[in-house]
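Novice: First the structure, then my questions, so here it is.
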Amino acid sequence: MPDTAPMLELHDVEVRFSLKRAGLFGAVPQLRAVDGVSLTVLKGQTMAIVGESGSGKTTLALAIARLVPVATGKIQMGDVDLLSLQGESLRTHRQHMQFIFQDPYSSLNPRLRAQDIVREPLDRLGIGSVESRNKRVQELFEQVGLRQDQLRLFPHQFSGGQRQRIGIARAIASRPNLVICDEPVSALDVGVQAQILNLLRRLQKDLNLTYLFISHDLGVVQHMCDSIAVMYMGKIVEQSDRESLFNNPQHPYTRTLLSAVPSADPNRRNRGRRITIYGDPPNPIDLPPGCRFASRCPLVEERCKTVDPAFKALNSTHHVACHLV
Amino acid sequence: MAESLLSVSNLTVEFTIRGGVVPVIDDLSFDLGPGETLSLVGESGCGKSMTALAILGLIPSPPGVISAGSVTLQGEDLVQATDARLREIRGNEVSMVFQEPMTSLNPVYTVGEQIAETLRRHQGLTRNQAKSQAIQMIDAVQIPLPDRRVNDYPHQLSGGMRQRIMIAMALACQPKILIADEPTTALDVTVQAQIFDLMQNLQRETGAAIILITHDMGSVAEMAERVVVMYAGRKIEDGQVQDILLQPRHPYTQGLIACVPHLLDKVTTDRPFLQEVPGTVPPLSDFGFDGCMFAPRCDLVRGECWQGKPANTQLTKTQSVACWEFSANNELANA
Numbered sequence: 000m001p002d003t004a005p006m007l008e009l010h011d012v013e014v015r016f017s018l019k020r021a022g023l024f025g026a027v028p029q030l031r032a033v034d035g036v037s038l039t040v041l042k043g044q045t046m047a048i049v050g051e052s053g054s055g056k057t058t059l060a061l062a063i064a065r066l067v068p069v070a071t072g073k074i075q076m077g078d079v080d081l082l083s084l085q086g087e088s089l090r091t092h093r094q095h096m097q098f099i100f101q102d103p104y105s106s107l108n109p110r111l112r113a114q115d116i117v118r119e120p121l122d123r124l125g126i127g128s129v130e131s132r133n134k135r136v137q138e139l140f141e142q143v144g145l146r147q148d149q150l151r152l153f154p155h156q157f158s159g160g161q162r163q164r165i166g167i168a169r170a171i172a173s174r175p176n177l178v179i180c181d182e183p184v185s186a187l188d189v190g191v192q193a194q195i196l197n198l199l200r201r202l203q204k205d206l207n208l209t210y211l212f213i214s215h216d217l218g219v220v221q222h223m224c225d226s227i228a229v230m231y232m233g234k235i236v237e238q239s240d241r242e243s244l245f246n247n248p249q250h251p252y253t254r255t256l257l258s259a260v261p262s263a264d265p266n267r268r269n270r271g272r273r274i275t276i277y278g279d280p281p282n283p284i285d286l287p288p289g290c291r292f293a294s295r296c297p298l299v300e301e302r303c304k305t306v307d308p309a310f311k312a313l314n315s316t317h318h319v320a321c322h323l324v
Numbered sequence: 000m001a002e003s004l005l006s007v008s009n010l011t012v013e014f015t016i017r018g019g020v021v022p023v024i025d026d027l028s029f030d031l032g033p034g035e036t037l038s039l040v041g042e043s044g045c046g047k048s049m050t051a052l053a054i055l056g057l058i059p060s061p062p063g064v065i066s067a068g069s070v071t072l073q074g075e076d077l078v079q080a081t082d083a084r085l086r087e088i089r090g091n092e093v094s095m096v097f098q099e100p101m102t103s104l105n106p107v108y109t110v111g112e113q114i115a116e117t118l119r120r121h122q123g124l125t126r127n128q129a130k131s132q133a134i135q136m137i138d139a140v141q142i143p144l145p146d147r148r149v150n151d152y153p154h155q156l157s158g159g160m161r162q163r164i165m166i167a168m169a170l171a172c173q174p175k176i177l178i179a180d181e182p183t184t185a186l187d188v189t190v191q192a193q194i195f196d197l198m199q200n201l202q203r204e205t206g207a208a209i210i211l212i213t214h215d216m217g218s219v220a221e222m223a224e225r226v227v228v229m230y231a232g233r234k235i236e237d238g239q240v241q242d243i244l245l246q247p248r249h250p251y252t253q254g255l256i257a258c259v260p261h262l263l264d265k266v267t268t269d270r271p272f273l274q275e276v277p278g279t280v281p282p283l284s285d286f287g288f289d290g291c292m293f294a295p296r297c298d299l300v301r302g303e304c305w306q307g308k309p310a311n312t313q314l315t316k317t318q319s320v321a322c323w324e325f326s327a328n329n330e331l332a333n334a
C-alpha cells in the first residue's frame with residue numbers, strides 16, 4: 000500500500016452526554032459515549048470502526064460530522080480544524096464531508112422526488128449553475144446504477160437497495176473527499192448487500208473517496224476496509240491494518256468478536272470452539288477504574304480491575320490497549 | 000430418515016390482494032424428524048415466516064387461507080384442527096420464538112407472569128407452582144439472579160435478556176418443536192453466540208426439534224443439520240447442510256452463499272468484488288408465475304425457465320433441487 004497523506008486525524012476526542020440530575024442539588028451525571036479516541040484515516044482508504052451496539056461508534060461518526068457537540072479533543076481534516084468551524088463556514092465545509100445513513104427508509108424525504116433528493120445538496124451548497132445541476136443529477140443516477148426514467152419517482156416507489164443508491168448519490172453529489180458510511184448495508188437483504196458493497200468500492204476507486212465505515216458485521220468490514228478500529232464502551236481497544244488485525248488479533252475482545260461470528264467456512268469452524276463471554280458490559284455512567292472489558296474478559300488479572308491499560312504500539316500500524324499483550 | 004415428527008406436504012397458502020389471489024407458499028413439502036434442527040433460508044419476502052405461521056395455524060385471515068396441503072404433527076392434521084385444539088398445541092407441543100423480542104413481549108406484565116401464563120394454561124399449574132417453575136426457566140436460560148428478574152418488566156431487560164426470556168417462554172412446556180424466526184438478527188454477535196449455545200444445550204436436554212428461520216448461511220452452518228432454501232414461496236433446494244454449503248446446485252443458493260462477505264480464515268491482500276445476485280425478490284403480485292420464479296435474476300436462464308415450473312429433482316438420497324438445469328440432465332441420464 001503506498002504511503003498517502005492523512006485525510007482525517009482525531010486526537011483524544013471526547014463526547015459527553017449529560018443525564019438527568021439525581022435530585023434537586025445532585026451532580027449532573029455525565030455519560031462518556033466517546034472517551035479519548037485518536038485515529039488517522041488515510042486519503043483514498045477505508046477505515047472501519049467496529050463494535051457492539053452501545054460502543055459509541057455511531058456517536059463518533061456523528062461527532063466527526065459535527066452533528067453532536069465534541070467536549071474535548073481535536074479533529075483535523077486536511078489543513079482544516081473541524082472543531083473551530085462555526086455557522087456559515089461549517090455549513091459550506093460539509094460539502095467535503097458527507098454521510099450515508101443506515102436506514103434507507105427513514106433517511107429520504109418521502110415528499111421529494113428522487114431527483115430533488117439528490118439535487119438538494121447541490122442547491123443548498125450552491126454548487127454549479129442551476130442548469131448544470133440537472134445534468135449532474137442525471138450523471139449521478141447513472142453512476143449509482145439507477146435508470147433515467149426513475150428520476151421523477153418518489154422514495155416509496157423504490158426498493159430498499161435502490162433507496163440506498165439514492166442515499167449514495169446524494170452523498171457523492173457535492174464531490175466530497177470523505178464519506179462517512181454508518182451501517183450502510185445492515186438494513187438490506189443479503190442479495191442486495193453485495194450490490195451496494197460493490198458499488199461503494201467501485202465509487203471509491205473511480206472518485207478517490209475516503210470512507211469511514213461503521214459496521215458491526217465483521218464479514219463486511221473484512222471485505223471493505225484497509226484499516227480497522229475496534230471500539231468497546233467508548234474506547235478504541237485495538238487498531239490495526241486489515242491483515243494484521245484479522246490474522247493476528249491481540250485484544251481478548253477482538254478475539255471474542257471474531258470467534259463469535261458464525262462461519263459457513265468449514266475450515267474456520269473446525270479450528271476450535273468459539274470464545275463465549277458472559278455477563279453484561281459495565282454501566283456506562285459508573286465505569287470501573289481499570290480496563291472496561293475486565294468484567295467479561297476470560298483472561299482477566301488483578302491489575303486489569305484497577306489500572307486502565309495504555310494504548311501500546313506493537314508495530315507501526317498495530318496498536319492495542321491490553322495489559323496482557 | 001426415521002419416523003418424522005412434523006410433515007408438511009404440498010402446503011399452499013393463498014393471499015387475496017388487489018391483483019387477485021396469489022400463492023405466498025406454493026406447494027411446499029418437507030419433513031422434520033424428532034430432535035432434528037432444520038433451517039429455512041431465503042431473503043425476506045420468500046415465505047419463510049409465513050411457513051412458520053402456517054404450521055401454527057396463525058395465518059392472518061383474511062387475506063390468507065391455506066388452500067391445499069397438510070401439516071401433520073404426529074399423525075394429526077393441523078390444517079383441519081379446530082381453534083381450540085390449535086390453542087392446546089401452540090406453546091405446548093409447538094412453540095415459537097419471534098424475531099423482535101422488543102415487540103413480542105407484553106410490556107404491562109412482568110416477564111415471570113408471561114412465562115407462567117403458558118404453564119398455567121397448558122399444564123394446569125397453580126399460580127405459585129407456575130411462578131417457581133418460571134424462576135427455574137429463567138435460571139435455565141442463564142439470566143443471573145432469576146428470583147429477582149422474575150418480577151422485572153420487559154423494558155428493564157437488555158435485548159439479549161429479552162430474547163432469552165422469549166426462549167424460556169417457548170421452552171417452558173417442553174415442546175417437541177421450537178420454531179425460531181430469526182432469533183438473533185436484532186442482537187450483537189457475542190450475544191448471538193450465547194443464544195445459539197443456549198438453544199443447543201436446551202435442545203440436548205429436552206430433545207426438542209428446532210426449525211430455524213434465517214437468511215445467514217453462517218448461522219445455518221453453526222446450528223442446523225438440514226436446510227430448505229426458499230425463493231418466492233417455493234422450495235428450490237434442500238439437503239444436508241454440509242452438502243449444500245460445499246456444493247450448492249441451484250443458482251439462487253449459490254448466489255446466497257457467494258454474495259455474503261464471509262469471514263475468511265486467512266486474510267490476504269487479494270480482495271475480489273463480491274458475486275452479485277442482480278435484482279430483488281419479485282413483488283407478491285408476481286407470485287405463482289408458471290415458470291421458474293428465479294428466472295429474471297438467473298445467469299443460466301433459458302427457454303424452459305419461462306414456460307414451466309421446474310419440478311423437484313432428487314439429486315442424491317438427501318439433496319433435491321428445483322431447477323431446469325438439473326431436470327434436463329436427469330432426462331438425459333434416464334434416456
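Protein chains in written order, with numbering that gives the first Met the number 0: chain G, 0 to 324; chain P, 0 to 334.
Glycine included, every Cβ here is placed at the ideal spot set by N, Cα and C.
Here the structure is a predicted model, which means the values were calculated and not measured.
#1: Please identify the residue among G:L18, G:A320, G:V40 and G:L211 whose C-alpha is closest to the C-alpha of T3 (chain G).
#2: Excluding the five sequence neighbours on either side, which residues of its own chain have a C-beta within less than 7 Å of the C-beta of I274 (chain G), listed in chain order?
#3: Is there at least one Cβ from chain P nearer than 9 Å to D148 (chain G)'s Cβ?
#4: Hey, which unbroken runs of the alpha helix (DSSP H) at 4 residues or more fall wholly within the stretch 170 to 222 of chain P?
#5: For the alpha helix (DSSP H) holding C304 (chain P), just list the boundary residues, first then last.
#6: Measure the C-alpha to C-alpha separation of S319 (chain P) and K47 (chain P) and round it to an integer number of angstroms.
#7: Give every residue of the same chain whose Cβ lies closer than 8 Å to the Cβ of L331 (chain P), excluding the five residues on either side of it in the sequence, and list them in chain order.
#8: For I194 (chain P), go through chain G and note every residue whose CB falls closer than 8 Å to its CB, in chain order.
#9: Assuming K234 (chain G) is part of the beta strand (DSSP E), what are its boundary residues?
#10: Taking 9 Å as the CB-CB cut-off, is T3 (chain G) touching chain P?
#11: So if I threshold CB-CB distances at 7 Å, which residues from the stretch 24 to 58 of chain P count as touching chain G?
#12: If you measure between the beta carbons of F160 (chain G) and D115 (chain G), is that distance less than 9 Å?
#13: Consult DSSP for G72 (chain G) and reduce its assignment to one of helix, strand or coil.
#14: On the CB-based measure, 16 or more other CB atoms within 10 Å of its CB, does I210 (chain P) come out buried or exposed?
#15: Under 7 Å Cβ to Cβ from A334 (chain P), same chain only, skipping five residues before and after it: list those, please.
#16: Near P103 (chain G), which residues of its chain fall below 6 Å by C-beta distance, leaving aside the five closest residues on each side in sequence?
#17: Out of P:E236, P:Q155, P:R84 and P:T213, point me to the one whose CA is closest to F29 (chain P)'s CA.
#18: Answer yes or no: does any C-beta atom of chain P fall closer than 9 Å to that of F245 (chain G)?
#19: Between which residues of its own chain and K304 (chain G) is the CB-CB distance below 8 Å, once the five residues before and five after are set aside?
#20: Using the Cα positions of N246 (chain G) and H317 (chain G), report the straight-line distance between them to the nearest angstrom.
#21: Under the rule that 16 or more other beta-carbon atoms within 10 Å means buried, what is K175 (chain P), buried or exposed?
#22: Just list the residues that DSSP pairs P22 (chain P) with in beta bridges.
#23: With C-beta atoms as the reference, is Q306 (chain P) less than 9 Å away from G290 (chain P)?
#24: So what does C180 (chain G) bridge to, in DSSP terms?
#25: Could you tell me if K134 (chain G) is buried or exposed, where buried requires 16 or more neighbouring beta carbons within 10 angstroms of its beta carbon?
#26: Report, in whole angstroms, the separation of the C-beta atoms of Q101 (chain G) and A186 (chain G), which I expect to be a contact under 8 Å.
#27: Taking Cβ-Cβ distances shorter than 7 Å, what residues in chain P pair up with S158 (chain G)?
#28: Who pairs with K234 (chain P) in a beta bridge, going by DSSP?
#29: With DSSP as the reference, label S284 (chain P) as helix, strand or coil.
#30: Closer than 8 Å by C-beta to T11 (chain P): which residues in its own chain qualify, once you throw out the five before and the five after it? Chain order, please.
#31: Quick one: list the residues of chain P neighbouring A113 (chain G), beta-carbon separation under 9 Å, in chain order.
#32: Please confirm whether P350 (chain G) has its beta-carbon closer than 9 Å to some beta-carbon of chain P.
#33: Do I194 (chain P) and G159 (chain P) have their C-beta atoms within less than 9 Å of each other?
#34: Please go through the same chain and pick out, in chain order, the residues whose beta-carbon is closer than 7 Å to the beta-carbon of M95 (chain P), but skip the five residues on each side of it.
#35: Residues in the stretch 200 to 224 of chain G with C-beta within 9 Å of chain P's C-beta atoms, listed in sequence order?
#36: Name the two residues that bound the continuous beta strand (DSSP E) containing P5 (chain G).
Specialist: Judging by the given coordinates:
#1: The residue labelled residue 3 (chain G) in the question sits at position 4 within the first sequence. Minimum Cα distance to T3 (chain G) is reached at G:V40.
#2: Looking up residue 274 (chain G) in the first sequence gives position 275. Answer for I274 (chain G): R254, T255, S258 and P297, listed in chain order.
#3: Here the question's residue 148 (chain G) lines up with position 149 in the first sequence. Cβ-Cβ to chain P under 9 Å: no for D148 (chain G).
#4: 188 to 205 and 216 to 222
#5: Along the second sequence, one-based indexing puts residue 304 (chain P) at 305. G302 to Q306 is the span of the alpha helix (DSSP H), which, as asked, contains C304 (chain P).
#6: Looking up residue 319 (chain P) in the second sequence gives position 320. Looking up residue 47 (chain P) in the second sequence gives position 48. Near 18 Å, if we compare the C-alpha coordinates of K47 (chain P) and S319 (chain P).
#7: Mapped onto the second sequence, residue 331 (chain P) falls at position 332. Confidence at L331 (chain P) is low in this model, with a pLDDT of 47, below 50, so the placement of that residue is unreliable and no value is reported for it.
#8: In the second sequence, counting from the first residue as 1, residue 194 (chain P) sits at position 195. None at all; the shortest Cβ gap to chain G is about 10 Å.
#9: Here residue 234 (chain G) refers to the residue found at position 235 when the first sequence is read from its first residue. Taken as a continuous stretch (DSSP letters only), the beta strand (DSSP E) holding K234 (chain G) covers K234 to D240.
#10: In the first sequence, the residue the question calls residue 3 (chain G) occupies position 4. Not closer than 9 Å to any Cβ of chain P, the Cβ of T3 (chain G) fails to qualify, so no.
#11: E42 and S43
#12: Residue mapping note: residue 160 (chain G) aligns to position 161 of the first sequence, counting from 1. Residue mapping note: residue 115 (chain G) aligns to position 116 of the first sequence, counting from 1. A small correction: the amino acid at residue 160 (chain G) is Gly; Phe does not occupy that position in the sequence shown. No, they are not a contact pair.
#13: The count along the first sequence starts at 1 and reaches residue 72 (chain G) at position 73. Of the three classes helix, strand and coil, the one that applies to G72 (chain G) here is strand, per DSSP.
#14: As a first step, residue 210 (chain P) must be located in the second sequence, where it is residue number 211. It is buried - the Cβ of I210 (chain P) has at least 16 other Cβ atoms within 10 Å.
#15: Here the question's residue 334 (chain P) lines up with position 335 in the second sequence. Unreliable positioning characterises A334 (chain P) in this predicted model, as indicated by a pLDDT of 40, which lies under 50. The coordinate reading is nonetheless provided below. Correct list: empty, nothing qualifies.
#16: One-based indexing of the first sequence puts residue 103 (chain G) at position 104. Counting only Cβ-Cβ distances below 6 Å, and skipping sequence neighbours, we find G159, R162, Q163 and G166.
#17: Taking the first residue of the second sequence as position 1, residue 29 (chain P) is located at position 30. For the residues P:E236, P:Q155, P:R84 and P:T213, the minimum Cα distance to F29 (chain P) belongs to P:E236.
#18: Start at 1 with the first residue of the first sequence, and residue 245 (chain G) comes out as number 246. Yes, F245 (chain G) counts as interfacial toward chain P.
#19: Residue numbering aside, residue 304 (chain G) sits at position 305 when the first sequence is read from its first letter. So the list reads P287, P288, G289, C290 and A293, once near-sequence residues are dropped.
#20: Working through the first sequence from its first residue, we reach residue 246 (chain G) at position 247. Working through the first sequence from its first residue, we reach residue 317 (chain G) at position 318. If I take the Cα positions, the gap works out to 12 Å.
#21: Taking the first residue of the second sequence as 1, we reach residue 175 (chain P) at position 176. K175 (chain P) should be labelled buried.
#22: By one-based count along the second sequence, residue 22 (chain P) stands at place 23. The partner list for P22 (chain P) (beta bridge, DSSP) reads P:E13.
#23: Mapped onto the second sequence, residue 306 (chain P) falls at position 307. Mapped onto the second sequence, residue 290 (chain P) falls at position 291. Yes, the pair counts as a contact, with Cβ atoms nearer than the cut-off.
#24: What you label residue 180 (chain G) is simply residue 181 of the first sequence in a count that begins at 1. In DSSP, C180 (chain G) forms a bridge with G:I99 and G:F212.
#25: Numbered from 1 along the first sequence, position 135 holds the residue referred to as residue 134 (chain G). It is exposed - the Cβ of K134 (chain G) has fewer than 16 other Cβ atoms within 10 Å.
#26: In the first sequence, counting from the first residue as 1, residue 101 (chain G) sits at position 102. In the first sequence, counting from the first residue as 1, residue 186 (chain G) sits at position 187. Confirmed, Cβ separation roughly 6 Å.
#27: On the first sequence, position 159 is the one that residue 158 (chain G) refers to. Within chain P, the residues near S158 (chain G) are T279.
#28: Position 235 of the second sequence, counting from 1, holds the residue named residue 234 (chain P). Paired residue(s): P:M229.
#29: For this step, residue 284 (chain P) is matched to residue 285 along the second sequence. S284 (chain P): helix per DSSP, three-state reduction.
#30: Translated into the one-based positions of the second sequence, residue 11 (chain P) becomes position 12. P22, I24, D25, D26, L27, I65, S66, A67 and G68.
#31: Here residue 113 (chain G) refers to the residue found at position 114 when the first sequence is read from its first residue. Those within 9 Å of A113 (chain G) in chain P number zero; the least Cβ separation is about 17 Å.
#32: Chain G is shown from 0 up to 324; residue 350 (chain G) falls before or after that span and cannot be answered.
#33: Within the second sequence, residue 194 (chain P) is the residue found at index 195, counting from 1. Within the second sequence, residue 159 (chain P) is the residue found at index 160, counting from 1. The answer is yes: Cβ separation under 9 Å.
#34: What you label residue 95 (chain P) is simply residue 96 of the second sequence in a count that begins at 1. Excluding sequence neighbours, M95 (chain P) sits near A51, L55, A169, I178 and D180.
#35: R200, R201, H215, D216, L217, G218, V219, V220, Q221, H222 and M223
#36: Translated into the one-based positions of the first sequence, residue 5 (chain G) becomes position 6. Here the beta strand (DSSP E) through P5 (chain G) covers P5 to S17.
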